[in-house]
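Take the sequence shown: its letter number 279 is residue 345 in the working numbering, and every next letter is one higher. Yeah, the Cβ is synthetic: ideal placement off N, Cα and C, and Gly gets one too.
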Amino acid sequence: MSTLRFHAIKETFNRPTIDVKEAERRSAIFGSNVFNEAAMRQYLTKDSYKSVQDAVINGSKIDRNVADHISTGMKEWAISKGATHYTHWFQPLTGTTAEKHDAFFETTGDGTAIEKFGGGQLVQQEPDASSFPNGGIRNTFEARGYTAWDPTSPAFIFGTTLCIPTVFVAYTGEALDNKTPLLRALQSVDQAATAVAKYFDKSVTKVNPTLGWEQEYFLIDKALAKSRPDINLAGRTLLGHASAKGQQLDDHYFGSIPTRVLDYMRDLENECMLLGIPVKTRHNEVAPNQFELAPIFEETNLAVDHNSLLMDVMSKVADRHNFKVLFHEKPFAGVNGSGKHNNWSLATNTGVNLLGPGSTPMKNLQFLTFFINTIKAVNDYEELLRSSIASASNDHRLGANEAPPAIISVFIGSQLTSVLDQLEKLKNGKLSPEEKTDLKLNVVGKIPEILLDNTDRNRTSPFAFTGNKFEFRAVGSTANCAKPMTVLNAIVAKQLMEFKTEVDSLIKGKKMKKDDAIFNVLKGYIKDSKRIRFEGDGYGEAWEKEAKKRKLSNNKTTPEALKAQVSKNAISLYEDLGIMSKVEIEARHEIEVEEYAMRIQIEARVLGDIARNHVIPTGIRYQNLLIENVQGLKDIYGNTFKKHATEQMELIEAISGHIAKINKGITDMINERKKANKIENAEKRAFAYCDKIKPYFEEIRYHCDKLELLVDDEIWPLTKYRELLFTR
Ligand code: ADP
Ligand code: MG
67 MSTLRFHAIK ETFNRPTIDV KEAERRSAIF GSNVFNEAAM RQYLTKDSYK SVQDAVINGS
127 KIDRNVADHI STGMKEWAIS KGATHYTHWF QPLTGTTAEK HDAFFETTGD GTAIEKFGGG
187 QLVQQEPDAS SFPNGGIRNT FEARGYTAWD PTSPAFIFGT TLCIPTVFVA YTGEALDNKT
247 PLLRALQSVD QAATAVAKYF DKSVTKVNPT LGWEQEYFLI DKALAKSRPD INLAGRTLLG
307 HASAKGQQLD DHYFGSIPTR VLDYMRDLEN ECMLLGIPVK TRHNEVAPNQ FELAPIFEET
367 NLAVDHNSLL MDVMSKVADR HNFKVLFHEK PFAGVNGSGK HNNWSLATNT GVNLLGPGST
427 PMKNLQFLTF FINTIKAVND YEELLRSSIA SASNDHRLGA NEAPPAIISV FIGSQLTSVL
487 DQLEKLKNGK LSPEEKTDLK LNVVGKIPEI LLDNTDRNRT SPFAFTGNKF EFRAVGSTAN
547 CAKPMTVLNA IVAKQLMEFK TEVDSLIKGK KMKKDDAIFN VLKGYIKDSK RIRFEGDGYG
607 EAWEKEAKKR KLSNNKTTPE ALKAQVSKNA ISLYEDLGIM SKVEIEARHE IEVEEYAMRI
667 QIEARVLGDI ARNHVIPTGI RYQNLLIENV QGLKDIYGNT FKKHATEQME LIEAISGHIA
727 KINKGITDMI NERKKANKIE NAEKRAFAYC DKIKPYFEEI RYHCDKLELL VDDEIWPLTK
787 YRELLFTR
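Encoded structure:
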């Protein structure tokens, strides 16, 4: 009997109910482990508090003396909450979060000890940068790097550790993390959008990009997950025959949440409340054992931190409930994968959502301005946007007919399409009074009511307008949102700057009125960005053909998609906006192609191991049983044995056939790997892994899965899909 699998299954039979203590009111505990405004007011002097607020709102520097005061207040607050340690918490280019805890505790030299946390420790730390991906920047800065406090994201306590969100940069200044470029992109879009928003309201002084992510995930019993080497090492199943029942009955989506899962969710949400992560929505997703969680949207930097933190917390709480969370975009073949929709908009300090249509024609002109500029930005940088969500795991999702395709397009719905069509027909130059009245009454004035009716939603679109925000749906469930958010906010910033220049030149040069100038420029943008708009079925082959005609990119694999990151276009965008230098951009590209090759390499090794050391021996064992049986029949029936042994003999042959194919597949794959590993250039190596090695996965898996169907269930060593997906 295959011991591990059956042990694991048995363990799931008697899972205890985990007691979850929930606060009577969530609002009462919300943010209680966060050094938020309320905590600051209590623990900081007036001046220190003002200085933090100033840094948050205006990006001003915090004086070193003040930092000493702040750190003392923060330490007192943290200790009052039971914290013993502190850490700089950052997001290196591994895609996850990093922390190194230090105790507050310090000896004084006279045999006693105190709790200490100075301004220096708050503001800066020096983790050894050499063990984090740096894409060759290493050579120039001798592995030295430092983390620096990001006051725009508040410190929080997790467990007994005070966590201080920080950026991570090389000593020579290059960013080594996901947060630094994000902060720079957010600053750019703030400046650009504020300048444009002032056309409509002079009192706007700041624009915050907002982000509301939706996190999809699978929950698998811990023992079952541990019984599968592929889940442990690659985060997904590399083989496994489909379960007889999958998602075909649509009986999981929005269904009643299983009790054990609900307990997990309640526990998780409780932790989120303490950490100030405003989670709001929970439900079953399409695939069995797949779920989703979504918060109320927040300012983008904070939302990105909260998502990274959440993923960590999710794994920790899951362990308590004997679950393992799978964040992989495609943990199981044949059922839906997971994404992380990024809902995005721009909000002013005056409380206006710039992508929300308003109640007057002028407010709607403002809406159209930001709406059309966003579409234009996506049109001009579609390939760069695609590159921001490229990863080995997301490749399984994009273009696999259940998630958006690898082609970026924008869906806006039929009513807004007709608004843009009418605007496009305007003639160049100043508008006549009649034209203006007509525009106001019949086009711009009508937007709020039509949007309310505009409920049609195209789930096949990667970038859809959904009433008062854009929803970037192609982001993968494992992603750090900083990457797509850096690109999106950067391209919109760049676009808005161009827009402002063009409008101003019409106002000054052509003596146009402001709204005439705005209409003129928008009209041109509508024309220029028409090819990116697509309302039809994004999964169809027809769209692939059409997109090709429109010269839209269709990069189906990560190495292909990543090229756009180092294109001239991208480099000048980042350099112009001061988001990244060429060195930083190229380093990141190098890191990503390297990571891609390593991920495929790990999967190839794990697959080779499972197929050769688990599956083939099992096939042979079963075959031996059959051979014994045939031998026995021969002993009893002599010459006529074949009449009774036909099935068995066919099985014996079939098993041999599959074993041979598996063996050959693995041998060939290993040979290709040897060749690929000799390639010096990281990008070329990534292409080799993609084009030469990955194709073996399907072939090897096919024969393993066939064997699974033939071999006696009692001896099959790998926990089956039906067990992984239907145990809860
Ligand atoms: P779904 O797409 O699943 O139907 P909703 O459209 O209701 O769900 O909302 C999804 C997410 O969009 C939520 O996380 C919500 O906070 C976020 N969201 C709503 N308004 C905005 C906004 N102005 N900016 C950013 N995110 C937003
Ligand atoms: Mg959504």
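Contact the segment 248-266 vs the segment 632-646: 3+ CB pairs below 8 Å: yes
Reduced DSSP secondary structure (H/G/I, E/B, other) of E490: As a working note, residue 490 is residue 424 in the sequence shown. Helix, per DSSP.
G495 versus K502: straight-line alpha-carbon distance, rounded: If you number the sequence shown from 1, residue 495 lands on position 429. If you number the sequence shown from 1, residue 502 lands on position 436. One C-alpha to the other measures close to 12 Å.
Those residues which DSSP pairs with Y152 across a bridge: Reading the sequence shown from its first residue, position 86 is the one you call residue 152. Its beta-bridge partners are D168, L228.
Spatial distance of E774 from R523 (CA atoms): Numbered from its first residue, the sequence shown carries residue 774 at position 708. Numbered from its first residue, the sequence shown carries residue 523 at position 457. Between E774 and R523, the C-alpha separation is close to 40 Å.
For E358 and E650, believed in contact at Cβ under 8 Å, the rounded distance: Walking along the sequence shown from the start, residue 650 turns up at place 584. Walking along the sequence shown from the start, residue 358 turns up at place 292. Actually they do not touch by this definition, with Cβ atoms about 34 Å apart.
Near the ligand ADP: W609 beta-carbon under 8 Å from a heavy atom: Taking the first residue of the sequence shown as 1, we reach residue 609 at position 543. W609: no, Cβ never under 8 Å from the ligand ADP.
Coil, strand or helix - R81 by DSSP: Counting from 1 along the sequence shown, the entry for residue 81 is found at position 15. DSSP places R81 in coil when its eight states are reduced to three.
Close beta carbons around D385, own chain, < 8 Å, minus the five adjacent residues each side: Here residue 385 corresponds to residue number 319 of the sequence shown, with the count starting at 1. Excluding sequence neighbours, D385 sits near K288.
Inter-residue CB distance, V370 and A548 (contact presumed, cutoff 8 Å): Taking the sequence shown and counting its residues from 1, the one referred to as residue 370 is at position 304. Taking the sequence shown and counting its residues from 1, the one referred to as residue 548 is at position 482. Going by Cβ atoms, the distance from V370 to A548 rounds to 5 Å, so yes, they are a contact pair.
Backbone CA spacing between Y768 and T567 [nearest angstrom]: Position 702 of the sequence shown, counted from the first residue, corresponds to residue 768. Position 501 of the sequence shown, counted from the first residue, corresponds to residue 567. Cα to Cα, the separation comes out at about 58 Å.
Enclosing beta strand (DSSP E) for D642 [first to last residue]: If you number the sequence shown from 1, residue 642 lands on position 576. Run containing D642: none in the beta strand (DSSP E); it sits in the alpha helix (DSSP H), 634-643.
Helix, strand or coil at W143 according to DSSP, with G and I counted as helix: For the purposes of this step, residue 143 is identified with residue 77 of the sequence shown, where counting begins at 1. It is helical.
P470 versus F477: straight-line alpha-carbon distance, rounded: Translated into positions along the sequence shown, residue 470 becomes position 404. Translated into positions along the sequence shown, residue 477 becomes position 411. Each residue's Cα considered, the two are about 12 Å apart.
Cβ-Cβ separation, I584 to Y265 (assumed contact under 8 Å), whole Å: Taking the first residue of the sequence shown as position 1, residue 265 is located at position 199. Taking the first residue of the sequence shown as position 1, residue 584 is located at position 518. Yes, they are in contact, since the Cβ atoms of Y265 and I584 sit about 7 Å apart, within 8 Å.
Cα-Cα separation between D85 and I455, rounded to whole angstroms: Position 19 of the sequence shown, counted from the first residue, corresponds to residue 85. Position 389 of the sequence shown, counted from the first residue, corresponds to residue 455. Taking the straight line from one Cα to the other gives about 38 Å.
Alpha-carbon to alpha-carbon, A711 and A540: The residue given as residue 540 occupies position 474 in the sequence shown. The residue given as residue 711 occupies position 645 in the sequence shown. Near 53 Å, if we compare the C-alpha coordinates of A711 and A540.
Alpha helix (DSSP H) segment containing K611, residue limits: Indexing the sequence shown from 1 puts residue 611 at position 545. First-last of the alpha helix (DSSP H) with K611: 607-615.
Helix, strand or coil at D378 according to DSSP, with G and I counted as helix: Your numbering for residue 378 matches position 312 in the sequence shown. D378 falls in the helix class under three-state DSSP.
Any non-hydrogen atom of the ligand ADP within 8 Å of N534 CB: Along the sequence shown, one-based indexing puts residue 534 at 468. Yes - the ligand ADP has a heavy atom lying nearer than 8 Å to the Cβ of N534.
Helix, strand or coil at F207 [DSSP, three-state]: Counted from its first residue, the sequence shown places residue 207 at position 141. Its pLDDT being 49, under 50, F207 is placed unreliably in this model, and the coordinates cannot settle the point.
Cutoff 7 Å; reference T78; Cβ partners in own chain excluding five residues on either side: As a first step, residue 78 must be located in the sequence shown, where it is residue number 12. The answer, listed in chain order, is D287, A289, L290, T793.
Proximity of P324 and K346 at Cβ, strictly below 9 Å: Working through the sequence shown from its first residue, we reach residue 324 at position 258. Working through the sequence shown from its first residue, we reach residue 346 at position 280. No. Outside cutoff.
Chain-order list of residues whose beta-carbon lies under 6 Å from that of A443 (same chain, five-residue window excluded): For the purposes of this step, residue 443 is taken as residue 377 along the sequence shown, with counting starting at 1. So the qualifying residues of the chain are I557, V558, Q561.
Stretch-stretch touch, CB-based, cutoff 8 Å, three pairs: the segment 617-624 with the segment 456-469: yes
Local conformation of Q281 per DSSP, three classes: For the purposes of this step, residue 281 is taken as the residue at position 215 of the sequence shown. Note: Q281 maps to strand in three-state DSSP.
Segment contact, 8 Å Cβ cut-off, at least three pairs: the segment 92-108 with the segment 218-232: yes
F433, DSSP secondary structure in three states: Walking along the sequence shown from the start, residue 433 turns up at place 367. If DSSP states are grouped into helix, strand and coil, F433 belongs with the helices.
Sub-9 Å separation of V233 and F156 beta-carbons: For the purposes of this step, residue 233 is taken as the residue at position 167 of the sequence shown. For the purposes of this step, residue 156 is taken as the residue at position 90 of the sequence shown. Going by C-beta atoms, V233 is nearer than 9 Å to F156.
CA-to-CA distance, K141 to F72, given in whole angstroms: Taking the first residue of the sequence shown as position 1, residue 72 is located at position 6. Taking the first residue of the sequence shown as position 1, residue 141 is located at position 75. So the two alpha carbons sit approximately 50 Å from each other.
Residue from N200, T733, I637 with nearest C-alpha to A677: Counting from 1 along the sequence shown, the entry for residue 677 is found at position 611. For A677, the nearest C-alpha among the options comes from T733.
Enclosing alpha helix (DSSP H) for S322 [first to last residue]: Sequence index remark: in the sequence shown, residue 322 carries index 256 (1-based). Looking at the DSSP string, S322 is not in any alpha helix (DSSP H), and its letter there is neither H nor E.
Three-state secondary structure (DSSP) of H307: Here residue 307 is taken as the residue at index 241 of the sequence shown, counted from 1. The answer is coil: DSSP assigns H307 none of H, G, I, E or B.
Every unbroken beta strand (DSSP E) within the segment 711-782, with a cutoff of 3 residues, ordered by chain: none
L784 and V681 closer than 9 Å at C-beta: By one-based count along the sequence shown, residue 784 stands at place 718. By one-based count along the sequence shown, residue 681 stands at place 615. Going by C-beta atoms, L784 is nearer than 9 Å to V681.
Beta-carbon proximity list for N55, same chain, < 8 Å, skipping 5 on both sides: The requested residue 55 does not occur in the structure, where the chain is confined to residues 67 to 794.
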